[in-house]
Structure formats: structure tokens, C-alpha cells
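One rule links them: number in the numbering used here = place in the sequence shown (from 1) + 12.
A short write-up of the structure that comes next.
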Amino acid sequence: MTSDAIQDASPLLTDLYQLNMIQAYLDHGMTGTAVFEFFMRSLPARRRFLLAAGLEQALEFLETLHFSAGELAWLKSTGRFGP
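This is the structure we're talking about:
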């Protein structure tokens, strides 16, 4: 994915669970830094290592992540999310 494509990607492409967790954090006044982990439950058969690539692009995406006015309006229209 190119840098331009990263910046054009909608945060609505994430799992609905993640959006619900954001709302739960906000509902409980939790606005501090959040942390997540990346892990594998198990490696595929006959594999002894895992190669993860794209960390720089993933961090760039997260640093520039934002919702457009239209995306926020859609989220509000679902009745699941507060302002």
C-alpha cells in the first residue's frame, strides 16, 4: 500500500469490535493512551518463525488516522456511537 493509499484509507474499514471498544473507553472517560498487542495464537504447521513486515506503514496509518465529517455522520446515524 502506498503512502497516499494509507492516508486515503477509511478508519471505518476496521472491525466493528474496535469501534465499539473506542466508544466503551469514551463512555468510561478513558481518554489516555491506549496500547495494543500483535501476537500469533500458533504458527502454521512446520513453521518455526514468523516474519512481520510493514511496521513503519502501520504506524504511519495510525498516526494520521482520522474520521471525515461524513464518516462521523454515518457513525452517529447507527445509534451505536456518541458524539
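Every residue gets a Cβ at the ideal spot worked out from N, C-alpha and C, and that includes glycine.
Quiz item: Hey, how far is the Cα of Leu24 from the Cα of His78?
Solution: 10 Å
Going by alpha carbons, who is nearest to Phe93 out of Gly44, Ser80, Leu71 and Ala36? Ala36
- With Gly82 as the anchor, note down where its alpha helix (DSSP H) starts and where it stops. Ala81 to Ser89
Next on the checklist: Could you compute how far the alpha carbon of Met52 sits from the alpha carbon of Phe61?
Outcome noted: 11 Å
Checklist entry - What first and last residue would you give for the alpha helix (DSSP H) that runs through Met33? => result Leu28 to Asp39
Out of Thr45, Lys88, Asn32 and Arg59, state which residue places its alpha-carbon closest to the alpha-carbon of Leu74.
-> Thr45
Less than 8 Å between the C-beta atoms of Ser22 and Glu83, yes or no? yes
(Q) Quick check: what's the CA-CA separation for Arg59 versus Ala65? (A) 17 Å
Next on the checklist: If distances are taken between C-alpha atoms only, which option among Ala85, Phe50 and Leu87 comes closest to Ala70?
Outcome noted: Phe50
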